[in-house]
Amino acid sequence: MNCDFVLTVCPFCGCGCQLYLEVMDGELTGVLPCKTDEMSEGKPCIKGRNAADFISHPDRLKSPLVKRKGKFEPASWEEALDIVGSQLSKIKQKYGPDSIGILSSAKCTNEENFLLMKFARAVIGTNNVDHCARLCHASTVVGLVKAFGSGAMTNSVPEIEGADCVFVIGSNTMEQHPLISLRVLRAKERGAKLIVADPRRTPLVDFADIYLQHKPGTDVALINGLMHVIVRDGLEDKKFIRERTEGFEELEKKIKEYPPEKVSRVTGVDAADLEKAARFYGEAEKASILYAMGITQHTTGTENVLSVANLAMLTGNVGRESTGVNPLRGQNNVQGACDMGALPDVYSGYQRVNDKEARARFEKAWGVALPQKPGLTVTEMTDAAIDGSLKAMYIMGENPALSDPDINHLKKALGSLDFLVVQDIFLSEAAQFAHVVLPACSFAEKEGTFTATDRRVQRVRKAIEPIGDSKPDWIIVSELARRMGGTQFNYTSPGEIMKEIASLTPSYAGISYERLDNGKVLAWPCPSQEHPGTRFLHSNVFTRGRGQFFAIDYKEPAELPDKEYPFLLTTGRLMFQYHTGTMTRRIPALERELPTGFVEINRKDAKKLSISQGERIRVKSRRGEIEIQAFVTDGILPGVVFIPFHFAECAANVLTSRNVDPEAKIPEFKVCAVKIYKDDKHG
Amino acid sequence: MEKQNGNGKVGAVLVVGGGIGGIQAALDLAESGYYVYLLEKSPSIGGVMAQLDKTFPTNDCSMCILSPKLVEAGRHLNIQLITNAELEEVSGEEGNFRVKILKKPRYVDIDKCTGCGLCAQSDLTSLKEKEEELWVDRIVVDEASCIQCGECTEACLEENKENHAMTNTALERRRFIELPPEQRGEREPETLAQKVALMDEESRKNFWQSELSRCIKCFGCRDACPVWIYDGAELEDPDWIKPGEIPPAVPLFQIIRAYRIANLCVNCGMCEEACPMDIPLRTIHQLMWRQSPESVFEVIPGLDRKTKQKLIKKVKENPMVKVETAR
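Set out below in structure tokens:
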């Protein structure tokens, strides 16, 4: 009997907890917490504890599938890759490279994202490469780059413990990032003030000193109101504003228009609470802001992010320990996928594709001419597929058929493609539409690195041999690239890809497998082999030089409730499931906790519509309707309903709207108008 | 270290470290007429050699070499042992040093202790007994893990009623919770368990309410527990604990868990270590340590009577946990 413990990284949220996978005679038997891990301290949450349970699930794809006469048939790798290679080449020749769209994956390793990005740009010749960051933190990347020059979490997670005030807005931290909420609670135990702003009463609210229950989509007004009080009471950091920022005059003028009474009318938050919160935040020596989807998933997502950045800069809470603007990334490697340039407008390390120098560097390294026009985003690809300009898609490890807004529209788009390849570990909802399905490996079967939310790069290690005939994504992509004429795809291990990443990406230049394997915790930017990594950004100077203030006006969300659709729908995640559930719905311990979705509705509304607890009701929007059971609660504002988006049988994204933020192109998952009725009276 | 002799040199020597090297040095020095202070960090001298079976290169039995030296060092009139102590600072110059030594509390009077070892047998969680360190003063109360259960002092009293070796501090520490308020004097409770034990029911209820509502139902406390044997229990039964709810029913979830292992718990603290929300779960078990399983309901108040009865009935069906017998 041979027993082994393999140190790797949890494949769920962005916390990036290290875990040991327990391997007995080549079979995965369980998960052991890693006590020396700085992030989890040997205390993973329920998802991490059960992370091994989906890997050997019988539903795993074990051989390539090719659709013939509407049915999937198993095929050999040779056959499947030949079909994919020849079809993609044909479409590229006939309609040009920009008729192909590539979706990369925040679930895959940095190396694989880099490789797929390279495949799209160097082999296909298009910048149409994007991934699900578009749906979660695209506005963060755009917004924080505009304000600070770098679109990532400014501080590291353990630092939160040292803050004197923690302001959590639009983040269900306790359920989505349990190990980060531990830090928040520890800060609170030390005497820090905790402010939570959320339309939905999340578990963290029970510990808050002040709870601001604002209406969905009024974040800009709320933050402007906070800044108004801070400036009125003279709590701003004048020295910081003078020495490190620019554009304060316009902001000052703008926030004068947001006195607490007006903000109270717009947001529904009590003016006294607002003033108290502003004082807590303004007076704190070290104040930290945590935010997530509640800020970003709006048509004003970028403006929300800029407002958050304004608030932090106004009080000088950037560039010091335990302060900062901290977007909590939802996926294990969404930070890494962005860093690796799986985005339509940048190469790895956020080097812009329309920057001549950057392009020249990549062209020289890869030996091909690269396209210079930024490509299509996820949301634009769907539209392009429907209007016929996008002919083929290659989807690696993503399930847009549940995660994208307005699923019916998306399914129509996937259905109208000439050729669709899906590379995944399970036959996901999106894979049903594919012409060819390629079986990939889970995190336990391959080597690589993940980048956690606070920019920590950590090693993922192979614990078991690939299940069935599946192959690691990096092998599939490089084999396909070689077939399509890619010359520089002869990698023997992910370590080689990492070397290439380091040579082309300044912020990753000092990161190598040798250093990571020696137990180093490296957070980028890490520009050289000797560099110890960066715990917090912008310490003496902002990445862009000076921090930029933006004067921002409150705008209403794109689709508000009206007579016909009187309820405001907001969506989100829950503790026991994860995203589209491809993994968590195959873990018995999690599925037992939360087997299906529900719609949270306020007690008063439920009474008006005579809806009882657990009753099955129908929710309809302009785009579609679903049947779902009701969960009557006081934790949500009257007139607002909440549906988790994990469940295919009652998918919240059937209802959500395709309205996007004009800059970041992030859809407004958090606000759309719906109506609710019982089955008996259609209405 | 002020003993002067004829040649003007200061005549006492401090040997730091009571391993075989330190012991031999101390013996040699003592034999040549110096007064030796032998300083050792751990509770007893002997060091690593005491843990070895054979020595290189002669394959001699290491204890055969070491133990006569241990005895000699312990009895030598020119050697004074300072165990369980650490060197904090050294000042002065060659020939005239002054040192500052931190002596850690042992809670055992080594002049009275006979080394019977009954105290250690009574409670393995708080007393350090290293089998390989054969020396009279081997018993020490490890403060970090002492839960003030008092078993050790009781065992010591039983063995030797006249000459109680556990010091009064140890006795007081353990009796603190049991003292009536007027006798506690000015002293404040030291550990969380003591603080909670001294709360009235209302504030204890509030305390647990706020601590337990952090729970994110990761089942870490249960999964990490070495004595959890009962599976398919109420924790996963929707009639008891509603699935998918965060925090799970407070305090029912933790009462069920604590009650299930009430008289199996060895107080290892794994539950608390596994908790991603830093809930002081171990305190629950420290408080339950010497009482009947029903004491869970006093330790974590807030459960209604009907649920209590239902739970007791349910637990009685499980032969692994004996509800009737108090510890």
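Residue numbers (our numbering), protein chains in the order written: chain A, 62 to 744; chain B, 2 to 328. Just so it is clear, CB atoms sit at the ideal spot from N, CA and C, and this is done for glycine as well. All values reported here derive from a predicted model rather than from experimental measurement.
| Item | Value |
| --- | --- |
| Would you give the residue range spanned by the alpha helix (DSSP H) that valine 203 of chain A belongs to? | 199 to 208 |
| Among the residues of its own chain, which have a CB less than 8 angstroms from the CB of glutamate 132 of chain B, if the five just before and after it don't count? | Note that glutamate 132 of chain B scores 38 on pLDDT, short of 50, meaning its location in the model is unreliable; the coordinates nonetheless yield the value given after this. Correct list: empty, nothing qualifies. |
| Which residues mark the beginning and the end of the beta strand (DSSP E) in which serine 371 of chain B is found? | Examination of residue 371 of chain B is not possible in this model, given that chain B is present from 2 through 328 alone. |
| Less than 7 angstroms separating the beta-carbons of alanine 712 of chain A and isoleucine 468 of chain A? | yes |
| Between aspartate 294 of chain A and the ligand COA, is there a pair consisting of the residue's CB and a ligand heavy atom that are separated by less than 6 angstroms? | As for the ligand COA, it is missing from this structure, which has no ligand bound. |
| Say whether chain B places a C-beta atom closer than 7 angstroms to the C-beta of phenylalanine 115 of chain A. | no |
| Under DSSP, the alpha helix (DSSP H) around serine 325 of chain A begins and ends at which residues? | 321 to 328 |
| If you follow the beta strand (DSSP E) that aspartate 485 of chain A is part of, which residue opens it and which one closes it? | 480 to 485 |
| Any beta carbon of chain A sitting closer than 7 angstroms to that of alanine 275 of chain B? | yes |
| What is the residue span of the beta strand (DSSP E) that serine 349 of chain A lies within? | 348 to 352 |
| With DSSP as the reference, label phenylalanine 820 of chain A as helix, strand or coil. | Residue 820 of chain A lies beyond the stretch modelled for chain A, which goes from 62 to 744, so this question has no answer here. |
| Would you say glycine 75 of chain B reaches chain A, if we count a Cβ-Cβ gap shorter than 7 angstroms as a contact? | no |
| What does the Cβ neighbour count give for threonine 643 of chain A, buried or exposed, with the cut at 16 atoms within 10 Å? | buried |
| Give me the Cα-Cα distance between isoleucine 221 of chain A and histidine 77 of chain B, rounded to the nearest whole angstrom. | 56 angstroms |
| Of all the options A:Gln590, A:Ser568 and A:Ala373, which has the alpha carbon lying nearest to the alpha carbon of leucine 577 of chain A? | A:Gln590 |
| Residues of the region 211 to 228 of chain B in Cβ contact with chain A at a cutoff of 7 angstroms, in chain order, please. | Ser214, Arg215, Ile217, Lys218, Cys219, Phe220, Gly221 and Asp224 |
| Which term fits valine 602 of chain A, buried or exposed, when burial requires 16 or more other beta carbons within 10 angstroms of its beta carbon? | exposed |
| Considering only residues of the region 407 to 480 of chain A, which uninterrupted beta strand (DSSP E) runs meet the minimum length of 3 residues and lie entirely inside it, listed in chain order? | 453 to 457 |
| Mind checking if isoleucine 285 of chain B is an interface residue toward chain A, Cβ cutoff 7 angstroms exclusive? | no |
| Can you give me the Cβ contacts of glutamate 235 of chain B inside the same chain, cut-off strictly under 6 angstroms, excluding the 5 residues immediately before and after it? | Trp241 and Ile257 |
| If I'm right that alanine 224 of chain A touches lysine 347 of chain A with Cβ under 8 angstroms, what's the distance once you round it to whole angstroms? | 5 angstroms |
| Hey, quick one: how far does the beta strand (DSSP E) through aspartate 280 of chain A stretch, first residue to last? | That residue, aspartate 280 of chain A, is in no beta strand (DSSP E); its alpha helix (DSSP H) goes 280 to 293. |
| I want to see whether chain A comes within less than 7 angstroms of methionine 200 of chain B, judged by CB atoms only; does it? | no |
| Grouping DSSP H, G and I as helix and E and B as strand, with all else coil, what is glutamine 590 of chain A? | coil |
| Could you tell me how far apart the beta carbons of leucine 451 of chain A and proline 461 of chain A are, in whole angstroms, since I believe they sit closer than 8 angstroms? | That belief does not hold up - the Cβ atoms of leucine 451 of chain A and proline 461 of chain A are roughly 13 angstroms apart, past 8 angstroms. |
| Would you kindly report the start and end of the unbroken alpha helix (DSSP H) that includes aspartate 65 of chain A? | Run containing aspartate 65 of chain A: none in the alpha helix (DSSP H); it sits in the beta strand (DSSP E), 64 to 70. |
| How many angstroms separate the CA atom of cysteine 62 of chain B from the CA atom of isoleucine 46 of chain B? | 18 angstroms |
| Are the CB atoms of serine 368 of chain A and isoleucine 284 of chain A nearer to each other than 7 angstroms? | yes |
| Along the chain, where does the alpha helix (DSSP H) that runs through glutamine 674 of chain A open and close? | Segment: none, glutamine 674 of chain A is in no alpha helix (DSSP H) and carries neither H nor E. |
| Need the endpoints of the alpha helix (DSSP H) that asparagine 393 of chain A sits in, please. | Counting along the chain, asparagine 393 of chain A falls outside any alpha helix (DSSP H), and DSSP gives it neither H nor E. |
| Taking buried to mean at least 16 other C-beta atoms within 10 Å of its own C-beta, is lysine 507 of chain A buried or exposed? | buried |
| Over the uninterrupted beta strand (DSSP E) stretch that includes tyrosine 36 of chain B, give me the two end residues. | 36 to 40 |
| How long is the line joining the alpha carbons of asparagine 188 of chain A and serine 409 of chain A, rounded to whole angstroms? | 13 angstroms |
| Less than 8 angstroms between the CB atoms is what I'm expecting for valine 732 of chain A and proline 618 of chain A, so what's the real figure, rounded? | 4 angstroms |
| Which of the three DSSP states, helix, strand or coil, is assigned to proline 260 of chain A? | coil |
| Taking glutamate 237 of chain B as the query, report the chain A residues whose CB atoms sit under 8 angstroms from its CB, ordered along the chain. | Arg653 |
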